[in-house]
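A.B. asks: Structure provided below as structure tokens; questions to follow.
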Amino acid sequence: MEQPRAGVHYPRSTGEFQAWFRTDADCLDYLEWLRWPGGFTCPDCGHAGGWRLGDGRLECAACHGRTSVTAGTIFDRTRTPLTVWFTACWLFATQKDGISAQSLQRSLEIGSYPTAWAMLHRLRSVLVRPGRDRLSGTVQVDETYIGGDEPGLRGGRARGKKVLTGIAVEVSEPKGIGRCRMGVLADGSAESLHPFVTGAVEPGARVITDAWQGYCGLDGLGYVHERRSQAAARARGDDPGELLPAVHRVASLAKRWLPGTGSTRSRNRCRSSRSSGSATA
Ligand SMILES: [Zn+2]
Numbered sequence: 001m002e003q004p005r006a007g008v009h010y011p012r013s014t015g016e017f018q019a020w021f022r023t024d025a026d027c028l029d030y031l032e033w034l035r036w037p038g039g040f041t042c043p044d045c046g047h048a049g050g051w052r053l054g055d056g057r058l059e060c061a062a063c064h065g066r067t068s069v070t071a072g073t074i075f076d077r078t079r080t081p082l083t084v085w086f087t088a089c090w091l092f093a094t095q096k097d098g099i100s101a102q103s104l105q106r107s108l109e110i111g112s113y114p115t116a117w118a119m120l121h122r123l124r125s126v127l128v129r130p131g132r133d134r135l136s137g138t139v140q141v142d143e144t145y146i147g148g149d150e151p152g153l154r155g156g157r158a159r160g161k162k163v164l165t166g167i168a169v170e171v172s173e174p175k176g177i178g179r180c181r182m183g184v185l186a187d188g189s190a191e192s193l194h195p196f197v198t199g200a201v202e203p204g205a206r207v208i209t210d211a212w213q214g215y216c217g218l219d220g221l222g223y224v225h226e227r228r229s230q231a232a233a234r235a236r237g238d239d240p241g242e243l244l245p246a247v248h249r250v251a252s253l254a255k256r257w258l259p260g261t262g263s264t265r266s267r268n269r270c271r272s273s274r275s276s277g278s279a280t281a
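Residue numbers (the working numbering): 1 to 281.
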């Protein structure tokens, strides 16, 4: 399917929205057009063509089966008019910082708060896609071992319980830290790191990593990839351990918070184990 275009597939403005969806019949028309862009096709017999009944359902011209365009959608079996639902969708999609049940109730002049709340709940369940809250802007990404220090086990022997964890942190220059995402990684390979990055970071973001080869190829996934090399930092006289200060701060906080992870592993340990892993591969 082609990319949805404003003004063609969805309204460009609130004025256009109001013009498109004045009545419940307008809303039904639109839903039918979305579902059957080439005209109504009977889901029972596959026949193309039919008519709309007084209750809004469609009747097949061949088998006379009746179909509701709202069946299986969030608009199914609702007492709330479609125009109200559509307005709720519009507000939900256009309010930058989200919308509360209270403000929805006010805007739509819905009598009851529970109704507004239930509508919002339904909208959230279908409209908030998993990738919607991915990090954006400038994001530092790194991976480190976290967790699993057990009493009696010290040093390398505790490694068995540790998990390699990907960390992505939004940064605002020069020192601010925004949202962060962490995820368990199978290993430090590109096959593990790339899905972590695409799941955590919005395409188009500037992604800063170290020079590890597992991050190669992020450019091809739609990111502006900036690699920081430890050798270059050393040559500049900078601390190579401070290449990605935001992720390191988040990592050390996570290690402090998680039970049984009091000791902070040095970054070099993580790096050398990763390197040896790649050497054997
Ligand atoms: Zn039919």
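Cβ atoms here follow ideal geometry from the backbone N, Cα and C, with glycine treated the same way.
(1) May I ask which residues mark the beginning and end of the beta strand (DSSP E) holding Val168?
(2) What first and last residue would you give for the alpha helix (DSSP H) that runs through Arg249?
(3) Taking just the CA atoms, how far does Trp257 sit from Leu164?
(4) Between the Cα of Gly188 and those of Ser100, Thr83, Ala211, Val250, spot the shortest distance and give me the residue it belongs to.
(5) Measuring CB to CB, does Cys60 end up less than 8 Å from Asp76?
(6) With His194 as the anchor, note down where its alpha helix (DSSP H) starts and where it stops.
(7) Any residues whose CB sits closer than 6 Å to a heavy atom of ligand 1? List them in chain order?
(8) Give me the DSSP bridge partner(s) of Ala183.
(9) Hey, Val197 and Cys180 are a contact pair by Cβ (cut 8 Å); roughly how many whole angstroms apart?
(10) Take Arg52 and list the residues in its own chain whose beta-carbon comes closer than 6 Å to its own, dropping the five residues that flank it on each side.
(11) Check whether the stretch 244 to 252 and the stretch 137 to 144 are in contact - that is, three or more C-beta pairs closer than 8 Å.
(12) So what does Tyr145 bridge to, in DSSP terms?
C.D. replies: Result, derived from the coordinates:
(1) One detail in the question is off: residue 168 reads as Ala in this sequence, not Val. First-last of the beta strand (DSSP E) with Ala168: 163 to 172.
(2) Counting along the chain, the alpha helix (DSSP H) containing Arg249 begins and ends at 245 to 257.
(3) Separation of Leu164 and Trp257 (C-alpha to C-alpha, rounded to the nearest whole angstrom) is 17 Å.
(4) Gly188 has its Cα closest to that of Ala211, out of Ser100, Thr83, Ala211, Val250.
(5) No.
(6) DSSP places His194 in the uninterrupted alpha helix (DSSP H) bounded by 190 to 200.
(7) For ligand 1, the selected residues are Cys42, Asp44, Cys45, His47, Cys60, Ala62, Cys63, Gly65.
(8) Note on identity: in this sequence residue 183 is Gly, with Ala being the wrong assignment. Note: Gly183 sits in a beta bridge opposite Gly166.
(9) That belief does not hold up - the Cβ atoms of Val197 and Cys180 are roughly 13 Å apart, past 8 Å.
(10) Leu58, listed in sequence order.
(11) Cβ pair count under 8 Å is three or more, so yes.
(12) Leu164, per the DSSP bridge assignment.
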